[in-house]
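In our numbering, the protein residues as written are 413 to 1115. Reading through the structure tokens given below for one structure.
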């Protein structure tokens, strides 16, 4: 009996075990929240109690009669809401402002259109807000803040939490004509804490590939596949199995160090966040989307980072979400006129809302039942109310503030294996405004590539790529450079060290768009020439060593030209036998070779070769032509083109063109040397131009 009594004392019911587990979870949750609150207070929290509010207008410090009535209606709405939906979290309705006065959240939105071109678009507004403000986390990550300051105060101190970011951004978007709303909801830890270390940098995202359209002709001929040997296929499958087995064995032998997966967030689904909702329709927005105010990025409404919505509001009204958010925001309807999905606080018409009195089809749906009761009580008190004007003063951003948005001088964003740095225009002497560093590892220790963006450079350089593995630098220029440069790739600005130069070919007379030069060769590419020339390749020999020892410059001791090759596109106005495709000048060996285009029915191209006679001295003003030094194959050409006189005239033309080509090669070498000298001088003496629209910079120049 004593043993049974002891057993009864030890045994626990399932309800007791569940209650113990819940209590343990709540204890751990409170500990995590306390740790986060302590870290926020010690590291990132700004002392807002020390700000000066004496200069603020009276609307910040008192409430008008209409605002008082609004607060009473909001309290009545909240009482009904908490009574009918006791399991829901409290609504974010009327927090304190910077003067300690309760203000309804809709009146904190101040629609404003700033006088800057970029601020007319949602992307410009979002990038300005996320760059101009410093992010502050919420004091308690699972509850909304107790205060909501005006956008003017947030702009003055350039910092705020997610609700401050959202109200400011929504004010700018509504002023720009967008159908924008502030959202109070829940999001992931990474979004709430502005942790982008697991995300790919937007600059590195590849555009989506456009699938190729299939041939709509269903009557096209289907050719049979090539026959394959079954024995060969079996042997190939055996080899693949053997290689897979060996690879698995090697994997088992090797010690694989797995990357630590991020720990599961104990507050997942409970973290409060605020963001902006932009509905489709106005400003030709094709699809409803979210904007994260911390990053300014566009997100789909089905993004898994957004875990639920409590309420939304704009400068005119307030809506409570009555939909199930167990699957996040994926299944939410954003039709605000649907009273079963969104409970509106103030009726948008003077008439009481007419809702169906019959119960929903699913009688077990408590949410819809409570919604019907809610609507009936609202009809009883006739909650048709006109929203008072915003109590916030006019939002102003000066030109100096707009052009220098970064409060700490620059902004650093860490992504997955990448780091992005941003500066204001004219902050750096070289015009650098953005730098993106790509790393090989997650710890960001080994650099792979560096990309830099510039503004207001006099040399029109706007983008630079540096490959840290090969030390290859590629500069990109805007149109208008004195040398018509478009891009320049190099490892050193010293001549003959490997350079690739691209030009704006439409501005050049010769149609040159690209030139590659090394110590031994040069290749030029042309576009849109009347003679159909599209490529020229030059091979150089070694310089005389005695001249190099004597210290003669590279211009005086030019590289000897060994061979010049030219390639031509097809000229449809000429017969193929008379239209040259390839022209080769072997300068040292004194050999000239012409290869003609092929006709459709030809298999071997026509060719003419002029060689130097062995044992005969070469003279510039003399041409010696015989059957010994001429090789020709022109099967379809007329007889008059086969006689010696025609070849003699052709040889004279080629000798003259070879002389001109040599001079063109020397001009190309001189142009490359000039480009390198100019680029070296531009990099040594960087100058920035001041835009006539840059008011702040022009004021500095006047001072």
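We put the beta carbon where it would ideally sit given N, CA and C, even for glycine.
Between 1058, 1021, 1080 and 869, which lies nearest to residue 973 when the distance is taken from Cα to Cα?
1080
Can you say whether residue 838 is buried or exposed, counting buried as having 16 or more other CB atoms within 10 angstroms of its CB?
Label assigned to residue 838: buried.
Which ranges does the beta strand (DSSP E) cover as unbroken runs of at least 3 residues, wholly within the stretch 821-907, from first to last along the chain?
822-827, 830-835, 844-851, 859-866, 873-879, 884-889 and 897-902
Going by DSSP in three states, residue 597 sits in which element: helix, strand or coil?
strand
Going by other Cβ atoms of all chains shown within 10 Å of its Cβ, with 16 needed for buried, is residue 882 buried or exposed?
exposed
For the beta strand (DSSP E) that contains residue 1020, what are its first and last residues?
Membership of residue 1020 in the beta strand (DSSP E) is indicated by the continuous run 1019-1022.
Just checking my contact of residue 608 with residue 826 at CB under 8 Å: how many whole Å lie between their CB atoms?
7 Å
Looking at the secondary structure, which residues open and close the beta strand (DSSP E) in which residue 1087 lies?
First-last for residue 1087: 1056-1096, but that is the alpha helix (DSSP H), not the beta strand (DSSP E).
Let me check one thing: in DSSP terms, what residues is residue 997 bridge-paired to?
976 and 1004
Does the contact criterion of 3 or more C-beta pairs under 8 Å hold for the stretch 1079-1094 versus the stretch 882-902?
Judged by pairs of C-beta atoms under 8 Å, the stretch 1079-1094 touches the stretch 882-902, as three or more such pairs exist.
Given that a residue counts as buried once 16 or more other Cβ atoms are within 10 Å of its Cβ, and exposed if not, what is residue 424?
Any reading at residue 424 must be qualified, since the residue scores a pLDDT of 46, below 50, and its modelled position is unreliable; the value itself is stated next. With a threshold of 16 other beta carbon atoms within 10 Å, residue 424 falls short and is exposed.
Please confirm whether residue 1078 and residue 970 have their CB atoms less than 8 Å apart.
yes
Using three-state DSSP, classify residue 473 as helix, strand or coil.
helix
Within a Cβ cutoff of 6 Å, which residues of the same chain sit near residue 725, ignoring the five residues on either side of it in sequence?
517, 518 and 594
Among 1083, 1003 and 869, nearest to residue 1095 - alpha-carbon criterion
Answer by Cα proximity: 869.
Checking the sheet assignment: what are the DSSP bridge partners for residue 937?
The partner list for residue 937 (beta bridge, DSSP) reads 926 and 947.
By how many angstroms is the C-alpha of residue 830 removed from the C-alpha of residue 612?
8 Å
Alpha carbon to alpha carbon, how far is residue 844 from residue 1099? Give it in angstroms, no decimals.
12 Å
N-terminal and C-terminal residue of the beta strand (DSSP E) that residue 533 is part of
Run containing residue 533: none; DSSP gives neither H nor E here.
CB of residue 585 within 8 Å of CB of residue 537, strictly:
yes
Three-state class that DSSP yields for residue 971 in the structure shown:
coil
Neighbourhood of residue 1066 by C-beta, 6 Å cutoff - its chain only, sequence neighbours within 5 removed:
1004
Using 8 Å as the threshold, is the stretch 736-753 in touch with the stretch 716-723, meaning 3 or more CB pairs across them?
yes
I need the boundaries of the beta strand (DSSP E) containing residue 722, first residue and last residue.
Run containing residue 722: 718-725, per the beta strand (DSSP E) assignment.
Under DSSP, the alpha helix (DSSP H) around residue 575 begins and ends at which residues?
574-587
State the Cα-Cα distance for the pair residue 610 and residue 682, rounded to the nearest angstrom.
Looking at the two C-alpha atoms, the distance is approximately 21 Å.
Out of 729, 687 and 582, which one is the CA nearest neighbour of residue 599?
687
Residue 817 and residue 577 - do their beta-carbons sit closer together than 8 Å?
No, they are not a contact pair.
Who are the Cβ neighbours of residue 505 in its own chain at under 7 Å, not counting the five residues just before and after it?
Apart from sequence neighbours up to five positions away, the residues of its chain that approach residue 505 with a beta-carbon distance below 7 Å are 486, 490, 516 and 517, ordered along the chain.
Would a C-beta distance cut-off of 8 Å place residue 859 and residue 834 closer than the cut-off?
no
From the DSSP output, which residues share a beta bridge with residue 913?
Residue 913 is bridged to 900 and 927.
What does a CB cutoff of less than 7 Å around residue 523 pick up in its chain, not counting 5 residues either side in sequence?
Answer for residue 523: 583, 586, 587 and 727, listed in chain order.
Find out if the Cβ-Cβ distance for the pair residue 875, residue 896 is shorter than 8 Å.
no
Determine whether the beta carbon atoms of residue 579 and residue 550 lie at a separation below 8 Å.
no
Whose CA, out of 1006, 998 and 942, lies closest to the CA of residue 984?
942
Residue of 1010, 929, 1103 and 994 minimising C-alpha distance to residue 1084:
929
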